[in-house]
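Structure first, then comments.
Protein chains: 4
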Amino acid sequence: MSRTHTEEYIVETSVKDPELVEKRRAEIIDAAVKVFSEKGYHATTTKEIADLAAMNVGTMFQYVKNKQDILYLVCCHIHSLIEEALFAVAVEDLDSMEMISKSVAALYRIVDQVSDYVVLMYQETSSLDKAARSSFLNREQRLCNHLENQIKKGIESGVFKVDPESVSLIAEDILVQAQMWAFRRWSLSKKYTLESYITTRIQLLKTLLYQS
Amino acid sequence: MSRTHTEEYIVETSVKDPELVEKRRAEIIDAAVKVFSEKGYHATTTKEIADLAAMNVGTMFQYVKNKQDILYLVCCHIHSLIEEALFAVAVEDLDSMEMISKSVAALYRIVDQVSDYVVLMYQETSSLDKAARSSFLNREQRLCNHLENQIKKGIESGVFKVDPESVSLIAEDILVQAQMWAFRRWSLSKKYTLESYITTRIQLLKTLLYQS
Amino acid sequence: MSRTHTEEYIVETSVKDPELVEKRRAEIIDAAVKVFSEKGYHATTTKEIADLAAMNVGTMFQYVKNKQDILYLVCCHIHSLIEEALFAVAVEDLDSMEMISKSVAALYRIVDQVSDYVVLMYQETSSLDKAARSSFLNREQRLCNHLENQIKKGIESGVFKVDPESVSLIAEDILVQAQMWAFRRWSLSKKYTLESYITTRIQLLKTLLYQS
Amino acid sequence: MSRTHTEEYIVETSVKDPELVEKRRAEIIDAAVKVFSEKGYHATTTKEIADLAAMNVGTMFQYVKNKQDILYLVCCHIHSLIEEALFAVAVEDLDSMEMISKSVAALYRIVDQVSDYVVLMYQETSSLDKAARSSFLNREQRLCNHLENQIKKGIESGVFKVDPESVSLIAEDILVQAQMWAFRRWSLSKKYTLESYITTRIQLLKTLLYQS
DNA sequence: TATGAATGAGGGTTCATTCAT
DNA sequence: AATGAATGAACCCTCATTCAT
């Protein structure tokens with residue numbers, strides 16, 4: 005199970021009190037998410053973020069080394085929202101197909117809720133430097149693995165019939181397709197409601213998982 | 005077959021000779037593609053582009069109104085590479101499954117060849133303004149439609165068994181997954197060669213198209 | 005009658021045929037007057053002038069050395085309009101007071117007609133270089149002298165009673181006040197029509213000229 | 005006495021300390037007045053102003069939104085010099101004719117002192133945008149009103165005999181003629197000293213005010 | 001820890017003028 | 001004489017980051 009290990013990117017701060025750091029960063033993230041998703045990362049000024057966070061620019065830069073750090077915090081925050089939603093449904097004890105269906109549905113629903121942020125997250129990832137980006141991609145991998153494991157369990161229990169080679173692809177597809185709902189909702193919503201879309205997607209997924 | 009009509013975004017020029025415009029723009033695009041995919045759109049200077057294009061900055065701005073226009077030209081150019089590769093295989097007269105397989109393979113191969121540019125194209129699309137972006141998305145739609153039509157033909161001829169509702173989703177998935185090869189080649193290539201990946205993908209696709 | 009002699013500023017041209025020069029310059033002036041009075045000298049592009057003149061930029065610069073030359077031509081042209089209107093009424097043989105009244109009225113009427121251009125002419129004079137500006141001021145002096153002479157005749161004929169010291173001041177005031185009609189018409193026209201303003205002005209002038 | 009109310013143009017700043025703003029702006033104005041009156045507004049670089057103000061360009065632009073704002077500040081400053089000089093003599097308790105004579109003399113003297121700036125102020129006003137210009141013109145109106153009131157008092161006290169219709173014209177003429185001293189000093193000073201000019205002007209004014 | 005003024009390099013774009021055709 | 005593409009220096013303004021208070 006060896007995996008390339010990537011150091012987690014650490015956002016530095018000059019402030020000692022960890023609780024204060026967390027509180028202030030939450031304020032920064034809240035503000036940044038709003039402005040970023042309205043104007044994009046590059047078009048947003050650090051001052052704008054600070055202003056919206058009701059914080060002084062100087063203060064802000066004590067909780068963050070860079071403008072880029074803010075982006076990283078924002079991306080991680082959004083990612084956590086998705087992760088939490090996905091992991092939340094995993095506690096229940098269901099059969100494999102129901103489990104994966106729940107997961108997929110949960111995924112689409114959270115993506116739908118925070119679709120602006122999802123778009124932001126994926127559009128601006130490229131503005132992160134190598135270290136931050138690979139740290140972020142690592143987080144993404146966690147989601148993939150989570151889905152992969154659910155599929156694998158279905159295979160092990162004999163419910164799913166999938167070429168083991170394809171498992172990781174299918175897991176990734178699920179994620180990518182969920183993101184696409186955020187990117188193309190404007191177009192997809194002409195033909196689908198969120199729920200009908202989910203149903204269709206799960207249908208297609210079943211075809212793949214029950215492939216014989 | 006009515007579709008929301010989007011005005012094509014026109015890159016303005018003050019130069020009258022159309023051949024010269026085409027020639028110079030090709031030079032600009034060539035230079036820009038290189039620098040953009042190395043440093044990204046925002047980090048690239050207009051002067052850098054002009055220099056690499058062996059052109060005066062002022063001259064460049066006679067063929068382009070904006071830095072953004074350069075990005076638009078670049079995106080369209082890259083898109084055309086893909087489109088041409090995809091449409092090139094469509095001339096042959098094959099049965100439906102072979103046809104779509106050829107298309108998918110062609111898609112992955114061209115994406116693999118110009119993967120840096122594909123990444124660039126999708127990462128920076130967000131830097132286009134509304135008009136340019138929707139004009140670009142329109143071009144994307146052409147690719148989608150092309151694949152959709154191939155699937156539809158397969159359905160009509162009774163070869164494919166797909167819920168008509170899903171056709172457009174499957175077509176879009178094909179495209180998105182091909183783009184993902186560009187974005188995740190670094191990771192996917194640990195488990196797959198390009199050709200083995202194509203094979204796997206076509207296998208999965210078959211499962212979907214022959215769903216019964 | 006010695007007066008500091010100022011060389012007349014000559015607008016150079018590389019074109020030989022004088023009639024063509026005159027024709028083309030008339031076209032240039034016509035175009036420039038329009039754009040200048042809309043957008044001001046600095047905000048106007050040489051290309052805009054050429055375009056409006058239905059002329060190539062290169063062609064235009066064969067009839068004019070500079071952008072500034074165009075401004076000079078424009079100022080002189082506008083000035084000529086005023087001069088012609090003023091000199092036109094001087095042919096008649098009238099008594100001194102009637103004569104000067106006619107002049108004043110003529111002045112206000114022409115200024116009113118071309119008030120946009122008058123504003124332009126005085127606002128942008130400062131953009132002329134020393135040579136061109138003093139050549140232009142020389143032309144202005146001709147207007148002053150014309151009025152001065154009319155007043156002097158009135159004094160010589162015993163009709164006007166003015167301290168000879170004041171003559172040139174009064175002449176200049178007449179001109180300046182006429183220009184002011186152009187500059188402040190927007191405000192003055194709340195209380196006066198053009199004709200009532202002329203009447204009031206002539207009344208005030210009479211007071212000065214009949215001072216006892 | 006209702007008059008069209010024009011919003012005062014406000015020069016924005018991102019700096020919070022009002023005293024600092026005043027101090028820095030004074031430095032900017034000082035520098036700008038010098039360079040502008042040497043080279044004109046358009047020929048002057050924002051960097052030149054900042055350099056002369058011993059200030060960083062970025063710093064300067066925190067006290068001013070625009071190059072145009074600098075011009076506005078400069079115009080207002082120069083205007084204040086005149087206004088103060090004019091209002092300073094108004095405190096004394098004199099009879100009407102002496103009062104207006106004092107005013108006129110004060111006006112000419114201050115215009116003479118800062119004549120370069122007066123020329124600048126009136127030449128470049130046209131470079132202000134609509135909002136700033138009308139705000140500036142409003143200030144001008146204050147001077148006019150001041151003189152108008154002095155004349156009106158003279159009329160009320162029976163000293164002056166002027167058609168009430170003409171009052172505002174005469175007031176405006178006084179101002180315009182004072183400005184003209186700045187514009188034409190080079191020519192006028194051949195025949196007049198400042199003081200002899202003032203005397204002549206006051207003589208002419210008396211003729212108008214005592215018109216019978 | 002908070003404040004907010006200072007910094008200054010850098011970037012996109014313009015445009016008068018030229019010159020080869 | 002007419003054309004119009006080429007030139008390139010120069011300009012205004014921005015904004016992430018720092019640091020003295």
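Residue numbers (the numbering used here), protein chains in the order written: chain A, 5 to 216; chain B, 5 to 216; chain C, 5 to 216; chain D, 5 to 216. Just so it is clear, CB atoms sit at the ideal spot from N, CA and C, and this is done for glycine as well. A quick note: this is a predicted structure, and the numbers were derived from the prediction, not measured.
Answer yes or no: do residue i and residue j have a C-beta to C-beta separation smaller than 8 angstroms?
i, j, result
"ILE202(A)", "TYR112(A)", "yes"
"LEU198(D)", "ASP116(D)", "yes"
"ILE14(A)", "ALA35(A)", "no"
"ILE104(C)", "ILE155(C)", "yes"
"VAL25(C)", "TYR76(C)", "no"
"VAL163(D)", "ASP99(D)", "yes"
"GLU87(A)", "ARG29(A)", "no"
"THR48(B)", "VAL39(B)", "yes"
"PHE187(D)", "VAL123(D)", "yes"
"VAL180(C)", "MET125(D)", "no"
"HIS46(D)", "HIS83(C)", "no"
"ALA57(D)", "GLU23(D)", "no"
"THR63(C)", "THR211(D)", "no"
Within its chain, find whatever has a CB closer than 7 angstroms to the CB of residue i; leave out the 5 residues flanking it on each side and keep chain order.
i, result
"THR129(D)", "CYS79, ARG137, PHE140"
"LEU85(C)", "ILE114, VAL118"
"VAL176(A)", "The identity of residue 176(A) in the sequence shown is Glu, whereas the question assumes Val. Counting only Cβ-Cβ distances below 7 angstroms, and skipping sequence neighbours, we find CYS148."
"GLU12(B)", "SER139"
"ASP73(D)", "VAL15"
"SER18(C)", "GLN66"
"ASP133(C)", "GLN72"
"ARG143(C)", "CYS80, HIS83"
"LYS157(A)", "SER100"
Does residue i come out as helix, strand or coil in the three-state DSSP assignment?
i, result
"SER107(D)", "helix"
"LYS156(A)", "helix"
"ASN149(C)", "helix"
"HIS46(D)", "coil"
"ASN142(D)", "helix"
"SER193(C)", "coil"
"GLY162(B)", "coil"
"SER170(B)", "helix"
"GLU176(D)", "helix"
"SER18(B)", "coil"
"ASP97(D)", "coil"
"GLN183(A)", "helix"
"SER6(D)", "No answer about SER6(D) holds up, because its pLDDT of 40 lies below 50 and its placement is not dependable."
"VAL68(D)", "coil"
"ALA2(B)", "What is shown of chain B runs 5 to 216, which leaves residue 2(B) out entirely."
"GLN117(C)", "helix"
"TYR214(B)", "coil"
"TYR13(A)", "coil"
"LEU132(A)", "coil"
Can you give me the Cβ contacts of residue i inside the same chain, cut-off strictly under 8 angstroms, excluding the 5 residues immediately before and after it?
i, result
"VAL108(D)", "ILE178, ALA182, ILE202, ARG205, ILE206, LEU209"
"ALA110(B)", "ALA89, LEU90, ALA92, VAL93"
"LYS165(D)", "ILE159, LEU213, TYR214, GLN215, SER216"
"GLU152(D)", "VAL171, SER172, ALA175"
Here's a check: name, in chain order, each residue in its chain whose Cβ is nearer than 6 angstroms to the Cβ of residue i, leaving out the five neighbours to either side.
i, result
"LYS71(C)", "THR50"
"MET59(B)", "none"
*Positions along the region 115-146 of chain D whose CB lies within less than 7 angstroms of some CB in chain C*: Residues GLN127, SER130.
*According to a CB-to-CB cut-off of less than 8 angstroms, which residues of the region 145-175 of chain D neighbour chain C?*
Within the region 145-175 of chain D, the residues whose Cβ lies closer than 8 angstroms to some Cβ of chain C are ASP167, GLU169, SER170, SER172, LEU173, ILE174, listed in chain order.
*Near-chain C residues of the region 38-59 of chain D - C-beta to any C-beta below 8 angstroms*: Within the region 38-59 of chain D, those residues whose Cβ lies closer than 8 angstroms to any Cβ of chain C are, in chain order, GLY44, HIS46.
*Got a sec: which bits of the region 197-212 of chain B sit with their beta carbon under 8 angstroms from any beta carbon on chain A, in order along the chain?*
Per Cβ criterion, the list reads THR204, ARG205, GLN207, LEU208, THR211, LEU212.
*Determine which residues of the region 57-85 of chain D have a Cβ less than 9 angstroms from any Cβ of chain C, and write them out in chain order.*
Cβ contacts with chain C: none found.
*Below 8 angstroms between beta carbons is the criterion; list the residues of the region 175-188 of chain B that meet it against any residue of chain A, in chain order.*
Listed by position along the chain: GLU176, ASP177, VAL180, GLN181, MET184, ARG188.
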